[in-house]
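Residue numbers (the numbering used here): 11 to 316.
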Ligand SMILES: [Zn+2]
Ligand SMILES: [Zn+2]
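See below:
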């Protein structure tokens with residue numbers, strides 16, 4: 011597929027790849043992996059998409075389509091899965107190419123100017139709800155309320171869960187309630203964290219900086235799960251006994267497969283879920299990157315490409 015890009019979100023991973031923070035960058039890098047636009051060209055083997063259709067592309071643009079992971083719908087776990095901005099040109103451009111299976115029609119009800127961040131940030135926090143069978147009766151905690159976390163609040167609330175936001179910035183309290191938080195706890199204050207000990211079924215970590223993991227594990231009920239989607243580079247010291255005694259789990263996941271992405275877009279359209287975004291024109295991309303890197307984005311940045 012070739013897509014004429016209209017909007018593209020700026021994600022923290024774009025900055026990580028620009029700076030080679032993960033050691034897998036291949037220069038020259040063209041960032042941008044939350045692209046929204048219209049199909050302008052299609053190859054002979056494209057299925058189910060038409061020229062002119064409005065679509066989105068996220069963190070992945072291709073996978074092998076024949077391995078066990080691809081054949082069971084977990085294309086995002088394919089050993090040959092290709093990242094949109096690693097060895098491939100991303101969405102900060104007038105044109106972007108992707109395999110048809112990784113190109114997603116956007117429901118009409120979605121606002122296209124804010125839909126981009128759903129394709130990386132959105133699916134990253136939504137997929138764990140599907141993968142681990144989070145139930146509407148569950149109590150869910152979201153740690154870190156930034157680009158990923160604010161979408162997680164909205165999804166978990168619409169999923170039917172009681173939602174606790176853990177934030178380092180208690181000044182955001184009212185805004186967080188508006189996004190779906192029922193309860194707000196300071197992530198930097200262990201006394202506050204211990205007040206909600208033993209109360210959560212699922213705790214989603216969206217930050218990329220180390221926190222007091224031992225204290226956060228205490229917020230889980232027996233059988234609870236702490237799930238990591240933030241790329242914390244430092245090893246996480248966790249005592250085996252903190253997992254064994256109440257049968258707790260720790261896990262992580264990368265974005266989601268095509269079926270999960272389609273389900274997420276449908277769910278977001280049905281519940282009116284969108285990222286809260288700030289817009290920059292593409293020619294101010296360096297200002298946008300500086301804004302995000304300085305931690306000033308509220309809560310996600312979108313570049314207006316066309
Ligand atoms: Zn991303
Ligand atoms: Zn595969």
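Glycine included, C-beta positions come from ideal geometry on N, C-alpha and C.
The structure presented is a predicted model; accordingly, all values stated were derived computationally and were not measured.
In the DSSP assignment, find the unbroken beta strand (DSSP E) run with residue i in it and report its ends.
i	result
residue 261	259-262
residue 289	287-291
residue 107	105-107
residue 102	Note, residue 102: premise wrong, no beta strand (DSSP E); not H, not E.
residue 175	172-177
residue 314	310-314
residue 210	210-215
residue 194	193-196
Checking the sheet assignment: what are the DSSP bridge partners for residue i?
i	result
residue 121	Beta-bridge pairing links residue 121 to no other residue.
residue 7	Absent from the structure is residue 7, since the part of the chain shown begins at 11 and ends at 316.
residue 93	70
residue 184	According to DSSP, which records beta bridges pairwise, residue 184 is partnered with nothing at all.
residue 20	311
residue 114	66
Between residue i and residue j, is the Cβ-Cβ spacing less than 9 Å?
i	j	result
residue 295	residue 310	no
residue 115	residue 64	yes
residue 72	residue 91	yes
residue 39	residue 17	no
residue 87	residue 267	yes
residue 292	residue 275	no
residue 203	residue 236	no
residue 94	residue 49	no
residue 3	residue 164	It is not possible to answer for residue 3, since the shown part of the chain is limited to 11 through 316.
residue 128	residue 303	no
residue 119	residue 279	yes
residue 217	residue 197	yes
residue 234	residue 258	yes
residue 206	residue 227	no
residue 166	residue 150	yes
residue 41	residue 59	no
residue 44	residue 66	yes
residue 96	residue 316	no
residue 186	residue 201	no
residue 179	residue 155	yes
residue 264	residue 141	no
residue 194	residue 177	yes
residue 31	residue 161	no
residue 157	residue 22	yes
Taking the continuous alpha helix (DSSP H) assigned at residue i, which residues delimit it?
i	result
residue 232	Careful: residue 232 lies outside any alpha helix (DSSP H), inside the beta strand (DSSP E) at 230-238.
residue 295	295-303
residue 225	223-227
residue 151	Residue 151 -> not in any alpha helix (DSSP H); beta strand (DSSP E) instead, spanning 149-153.
residue 280	268-281
residue 129	Taken as a continuous stretch (DSSP letters only), residue 129 belongs to no alpha helix (DSSP H), as it is neither H nor E.
residue 169	157-169
residue 205	200-205
residue 80	78-81
residue 250	250-254
Can we count residue i as close to ligand 4, meaning its CB is less than 8 Å from some heavy atom?
i	result
residue 131	In terms of ligand content, the structure shown lacks ligand 4 and carries ligand 1 and ligand 2 instead.
Would residue i pass as an interface residue toward chain C - the criterion being a Cβ-Cβ separation below 9 Å?
i	result
residue 155	Considering every chain present, this structure includes no chain C. It has just one protein chain.
Cβ pair count under 8 Å reaching 3, the segment 289-308 against the segment 166-175 | Fewer than three pairs of CB atoms, one per stretch, sit closer than 8 Å, so the segment 289-308 makes no contact with the segment 166-175.
Taking one C-beta from the segment 25-35 and one from the segment 74-85 each time, how about it: are there three or more such pairs within less than 8 Å?
-> Short answer: they don't touch.
Does the count of Cβ pairs from the segment 214-227 and the segment 92-105 closer than 8 Å reach three?
-> The segment 214-227, when compared against the segment 92-105, does not touch it at the 8 Å Cβ threshold.
Sufficient close CB pairs (3 or more, under 8 Å) joining the segment 238-254 to the segment 197-210 | Here the segment 238-254 makes no contact with the segment 197-210; the two share fewer than three CB pairs at distances below 8 Å.
Start-end ranges of the alpha helix (DSSP H) lying completely within the segment 20-46, minimum 4 residues | DSSP assignment within the segment 20-46 yields the following whole alpha helix (DSSP H) runs of 4 residues or more, N-terminal first: 22-28.
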